[in-house]
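Okay, so here's the structure we're looking at.
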Amino acid sequence: MILHVLPGDSLVETFKRSGIEGDIAICRECLVEGDVSGDTLPEFWETRARFLSGQYGETADDYHETVVREFAKLTALQSGSEIDLWFEYELFCQANMWFCLSLISNSTADIFRVAPVMRSDDDIWDGFGNMGPDDLKACFARRIKLTDDDIKLGAGLWSAYRDQDSRRLAELSTQESNAFPKLKDVAVAAIEKDSLPLQILDEIVGKGTSDFSSIFQEFKRRAGVYGYGDSQVKNLLSKISPPA
């Protein structure tokens, strides 16, 4: 069996049109945001369900149905299966991929990383956005098979990220791996996640920019490494100027 773990619903239709063989699991988490604690996996799921319920109004039942069930596809695979992790370079996707690797760190399946290799340095943080079926096929053709060391690194990055262990994140980011391009940049972003994005937004708003579209585009230009979408930026904005 071949399982493709896609980074969100937005890529599904384009992926289906590519004709690439295999089943799909959709990563619908945003582990770059909110509490990610939990001593056990069930505790972690409950932590995330509570956070997303408070932040976005999603019920615990919805979370288990639409999110946890997709992750369960990864751990159900048997020996001889193949897992292709389609994740972008920025922190939003990387945190999700690190978590996936922690889930399957003991898997007997062959694990590959599929990156948006069609991107230039100028638009690298755009990931798979606006890519067509042929672009996805080109990315798939250049996928990288993860070694045991790669998988161990990914699981270790998740552990350090979950524990907010900045020192460990910095240490791990020095390891060289073709499976983790831009790792140093992403690790720095993770370490500064609770301060720098808010600071950047404060500076943008402080210059008189009030239109959300303009704010978002400037934030993306200055902090694309975070990969934040509309929801994450709006949540940060509410901390700067809470709605009346």
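Its first residue numbered 1181, the sequence shown is counted upward by one per residue in our numbering.
We put the CB at the ideal spot given by N, CA and C, even for glycine.
Note that the coordinates shown come from a computational prediction; the quantities given were computed from them, not determined experimentally.
- Under the 8 Å Cβ criterion, the region 1228-1245 does not count as touching the region 1275-1293, having fewer than three qualifying pairs.
- Between W1278 and G1334, the C-beta spacing is below 8 Å.
- L1271 and F1360 have their C-alpha atoms spaced approximately 11 Å apart.
- The Cβ atoms of Y1341 and I1304 do not sit closer than 8 Å to each other.
- Under the three-state reduction of DSSP output, E1351 falls in the helix class.
- Checking the DSSP bridge columns, you'll see R1322 has no partner listed.
- A buried status is given to R1299, since no fewer than 16 other beta-carbon atoms sit within 10 Å of its beta-carbon.
- Taking all protein chains shown into account, E1193 has fewer than 16 neighbouring C-beta atoms within 10 Å of its C-beta and is therefore exposed.
- One alpha carbon belongs to L1265, the other to I1395, and they sit about 31 Å apart.
- A1205: not part of any alpha helix (DSSP H); member of the beta strand (DSSP E) spanning 1203-1206, first to last residue.
- If you draw a straight line from the Cα of Q1397 to the Cα of Q1258, it is about 43 Å long.
- Excluding sequence positions up to five before and after G1336, its CB lies within less than 8 Å of the CB of R1348, L1352, all in the same chain and listed in chain order.
- For T1227, same chain residues with a beta-carbon under 6 Å away, outside a window of 5 residues either side, are D1215, S1217, G1218 in chain order.
- Apart from the 5 residues on each side of it in sequence, N1310 has no Cβ closer than 7 Å to any other Cβ in its chain.
- DSSP places D1241 inside the alpha helix (DSSP H), whose first and last residues are 1240-1243.
- For V1212, the three-state secondary structure derived from DSSP is coil.
- Looking from the CA of A1369, the closest CA among A1275, S1411, D1315 belongs to A1275.
- Judged by beta-carbon spacing, K1325 lies within the 8 Å limit of F1292, meaning their Cβ atoms are closer than that value.
- For W1225, the enclosing alpha helix (DSSP H) covers residues 1221-1236.
- The beta carbon of D1290 sits closer than 6 Å to the beta carbons of E1262 from its chain, once the five residues preceding and following it are set aside; these are given in chain order.
- Distance from the CA of Q1412 to the CA of S1418, rounded to the nearest whole angstrom, comes to 10 Å.
- Here G1199 is exposed: its Cβ has fewer than 16 other Cβ atoms, across all protein chains shown, within 10 Å.
- Selection V1247, A1205, N1358 evaluated against D1330 yields N1358 as nearest (Cα-Cα).
- Along the region 1252-1322, the alpha helix (DSSP H) occurs as fully enclosed runs of 4 or more residues at 1271-1283, 1313-1321, listed in sequence order.
- In this structure, the alpha-carbon of F1392 lies about 10 Å from that of F1399.
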